Every structure is written in C-alpha cells, then in structure tokens.
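Working notes, beginning with the structure itself.
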Amino acid sequence: MSRRTRVLTTVVVAVLALGAGTAYLWRARAQETQRSSRGQATAADYGRLRAEPHLVFRSTRRDASFGRLTAVALLDPKGPRAVTATSCERVDATAERVLCLAQRRGVAISYRATVLDAALHEIRPLQLSGVASRARLSGDGRLAATTSFVAGHSYASASFSTQTLVARVDGESYGDLEQFTLVHRGQQIAPRDRNVWGVTFADDDDTFYATVAWAGRTWLAHGSLAHRRLTTVRDDAECPSLSPDGTHVAYKKRLGLPAGQWRLATLDLSTGRETLLAGDRSVDDQLEWLDAATVLYGLLRADQREAVTDVWAVPADGTGAPRVLVPGAWSPSVVR
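When you read off a place in the sequence shown, starting at 1, and then add 240, the result is the number in this note's numbering.
Structure (structure tokens):
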C-alpha cells in the first residue's frame, strides 16, 4: 500500500469514526430528551388543567422546564405536566389568580413580584425589595403577601432581615407588616430587631397568621389587617399555613436543633394541641395543605448536588411517613 493510500485510508476511517460518534451522541441526546419529556404535556394543556383540581409549582427538572411555572392534575400528580413560558422562583395560585416571584437577570440580579390572571396575563406588579422568599394569596385571590430578604439570604443566618408586604390586588397596600402594632403576652411592644415573614390568610380577607421574630426567638402571630395588629400565639413556630377549614396551622419549628434545622408540626387552634409530623429530615419551606389531612412541602434531594427538589406529602396528624408526591418540583400550590 502506497503512502498516499495509507493516508487516505486513515482519513476515511477517522471520518467514519467521527460520524459514528456524532450519530451515537445524537441518538443518546434524542433518547435523553425523549425520556425527560415523556409524560410531560405542552403549555397548551395548561388551560385544560385549569378546569379541574390541579397543583401549580415551579419545575426543578434539569431540562427545558427548569424554573417554569408548571401544573399537574391533582388526581395524577406524577402524570402529564403542563409547562408554561412563565418563570417563577416562588409561586402561589388560586382558581383565578397566580402570584409569581421571579428573578430578573442583568448587570445585577433583581427580583419582581407579579399577580397574573388565570391565563397568566399580568394584572398588577407588586413591590419586592430583595431576594424572593415567600408568596401567598388569599383563597379568593384578593390579597397578596410577599416576603423577601433585604439583608442576608437565609432564615438560618443570625443577620438576616426580611420585608413582608401585603396588598389588595385590586386596591390599597397595607405596607410592611413590621409597622403593624405588635402585642405580646397582653402588652404592646416594639422591638427594634423584629422581622415578619411567611403570611397565610383566613377566608375573611382580614385575619392572617405570620411569623414574628425578635431577640433570637420566633413566634406564631395572629394578625388583623383592619386593625393593623399582630398578636403572638405560640413560640417557636415559623412559616405558617392555615388549613382549608381554618382549624389548624402547619409550620416548621426548631425543637432545640441548631440554626437552619427544622421539624414540621401542626397546631389545633381550638385546643392549642401541637402535633409533630413524621420525618427526620430538616425542612425549610412554607407548607401547603393538600387536603384537610395532608400537608405538602419542598425538599432538596439528599443524594444530589444539583438544585433539584421534590414536593413531599405527609399526614397532618403525626402518623404515617413522608412520601414524594411530585418529583422535580418546588413551591407547591393546590388549586381545588
């Protein structure tokens, strides 16, 4: 074989090998895309899902849906997903409205809060001064509450500071809840280091619950928008969520654990009885009620370094065990 022939043969083999490798990678990528999108609906299905009980959340799948507002049928939470074009860091939804806290990228990262209608068209922008943390709508969608970190980025940090704002979507703003009168053990107090976060609304468009913290301690507080007042109810309770029937509050508590470590509990508002929920992992989230007997929360996967979270469900009476309800999801909101 001449030298020229050997060179040509080598080139042909290299080209064939490269082509085979490229084809293999293309097939592997196509298969992976098919696997990741299997069981995932298109954005057009969002309108259909809105007509039935469904779950709205932020997708954390490592595919094209990452960060997108996504919905799934409540009767089939691991089934087909409707992925929208709207991106949210935190989300809450009712049948008619959606509250979306979103990240804006530019020279510097900033955040915005927006109330959307059922078709995800913007109704009203809301003030958001820092890093998005918590979002809540009242059951009728008339009230919106947002919490952002204005100093520090975690509730586990001793130096964190929050701003929690409440507004009527179609009207006035109640401003920063830190400016509300604070009543503790029958006395009006005004600690300079107070923080308020994690609002949950009752159905009367006046009553709410929230976390109030000062001097290194946290309290569950009962609030009134009409009277611009917060009254402490129970210590060591954070990020409350009121049950659909208004009889219980679910929250996270430290139980003597180090900063940044929490267990979940529920409180019977009529008897004051507290119940610890099953599970041995720390949960840093504001809970959501799936129904009168079950609460939901987001949790980072323990065996994965990437920021993939799952939505878990656990009985609200302390029995049973936690289970993954929706994989690759965060910030769940039940729309009945």
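Every residue gets a Cβ at the ideal spot worked out from N, C-alpha and C, and that includes glycine. Given the structure is predicted, the values throughout are model-derived calculations rather than measurements.
Close beta carbons around residue i, own chain, < 6 Å, minus the five adjacent residues each side
i	result
Ser350	Arg344
Val436	Thr404, Leu417, Glu418, Ala450 and Val452
Asp520	none
Thr559	none
Phe448	Val439, Phe441 and Gly463
Leu465	Tyr414 and Asp446
Trp459	Val452, Thr472 and Asp475
Glu514	Ala505 and Leu507
Ser277	Residue placement at Ser277 is flagged as unreliable, the pLDDT there being 38, under the threshold of 50; the coordinate-derived value follows with that caveat. Same-chain partners within the cutoff: there are none.
Gly379	Asp443
Gly307	Ser327
Glu603	The structure shown has nothing for residue 603, since the chain only spans 241 to 576.
Ser305	Ser299 and Val323
Leu315	none
Residue from the options with nearest C-alpha to residue i
i	options	result
Gly538	Ala291, Glu292, Leu289 and Thr300	Thr300
Gly438	Glu546, Asp332, Arg290 and Val551	Asp332
Arg541	Glu528, Thr386, Gly558 and Ser522	Ser522
Leu507	Glu412, Tyr491, Leu495 and Gly500	Tyr491
Arg382	Ser373, Val355 and Ser388	Val355
Glu329	Pro567, His424, Ala375 and Thr515	Ala375
Leu517	Val554, His294 and Ala313	Val554
Trp431	Glu412, Arg457, Ala291 and Asp410	Here residue 431 is Pro; the residue named in the question, Trp, does not match the sequence. Minimum Cα distance to Pro431 is reached at Arg457.
Asp410	Arg364, Gln427, Pro572 and Phe306	Arg364
Asp424	Ala461, Ser401, Ala455 and Ser573	Correcting the residue type first, residue 424 is His in the shown sequence and not Asp. The candidate whose alpha carbon is nearest that of His424 is Ala461.
Gly426	Ser401, Arg469 and Thr511	Arg469
Ala561	Leu495, Leu536 and Trp570	Leu536
Ser401	Pro572, Gly512 and Arg434	Arg434
His467	Gly496, Thr511, Phe420 and Ile429	Phe420
Ala556	Thr534, Asp524, Val548 and Arg288	Thr534
CB-CB length for residue i against residue j, believed under 8 Å
i	j	result
Ala188	Ala384	In the structure as shown, the chain begins at 241 and stops at 576. Residue 188 is therefore absent and cannot be evaluated.
Gly370	Val338	With a Cβ gap of about 21 Å, Gly370 and Val338 do not count as contacting.
Ser481	Trp529	6 Å
Leu377	Thr334	5 Å
Asp543	Pro567	So it is not a contact: roughly 13 Å between Cβ atoms.
Pro293	Val575	7 Å
Arg302	Ala569	That pair is no contact at about 13 Å.
7 Å Cβ shell around residue i - same chain, five flanking residues per side excluded
i	result
Leu368	Leu341, Tyr351, Arg352, Ala353, Thr386 and Ser388
Tyr286	Ala311, Ala322 and Thr324
Ala532	Ser483, Pro484 and Asp485
Gln526	Arg374, Gly438, Cys479 and Ser481
Arg494	Asp476, Gln501 and Trp502
Arg290	Ala358
Leu509	Thr487, His488 and Val489
Glu412	none
Pro317	Leu295, Leu565 and Val566
Ile429	Leu422
Val548	Thr300, Arg302, Arg541 and Gly568
Val347	none
Ser571	Phe297, Arg298, Arg330, Val331 and Gly538
Check: residue i C-beta below 7 Å from any heavy atom of the ligand ZN
i	result
Ala291	You won't find the ligand ZN in this model; it holds no ligand whatsoever.
Cβ neighbours of residue i in the same chain (closer than 8 Å, five flanking residues each side left out)
i	result
Ala372	Glu329, Arg330, Leu341, Ala342, Gln343, Tyr351, Ala353, Thr386 and Ser388
Glu546	Arg302
Arg288	Ala322
Val455	For the record, residue 455 in the displayed sequence is Ala; it is not Val. The answer, listed in chain order, is Pro431 and Asp433.
Gly512	Arg474
Neighbour flag for residue i against chain B, beta carbons, 8 Å
i	result
Val551	The structure shown has no chain B; it contains just one protein chain.
Which residue spans inside the region 274 to 354 form an unbroken beta strand (DSSP E) run of at least 3? Correct list: 294 to 299, 308 to 313, 321 to 327, 330 to 333 and 337 to 344.
What residue ranges within the region 495 to 567 form continuous alpha helix (DSSP H) runs of no fewer than 4 residues, ordered along the chain? The region 495 to 567 contains no whole alpha helix (DSSP H) run of 4 or more residues.
Assess, as a yes-or-no matter, whether the region 355 to 363 is touched by the region 322 to 341 under the definition of 3 or more beta carbon pairs within less than 8 Å. Put simply, the region 322 to 341 touches the region 355 to 363. At least three CB pairs are less than 8 Å apart.
My parser needs the alpha helix (DSSP H) runs of 4 or more residues fully inside the region 438 to 497; what are they? Entirely contained in the region 438 to 497, not one alpha helix (DSSP H) run reaches 4 residues.
Can you check the region 382 to 432 for any beta strand (DSSP E) of at least 3 residues that lies completely inside it and give the ranges in chain order? Within the region 382 to 432, the complete beta strand (DSSP E) runs of at least 3 residues are 383 to 391, 401 to 408, 413 to 416, 421 to 424 and 427 to 429.
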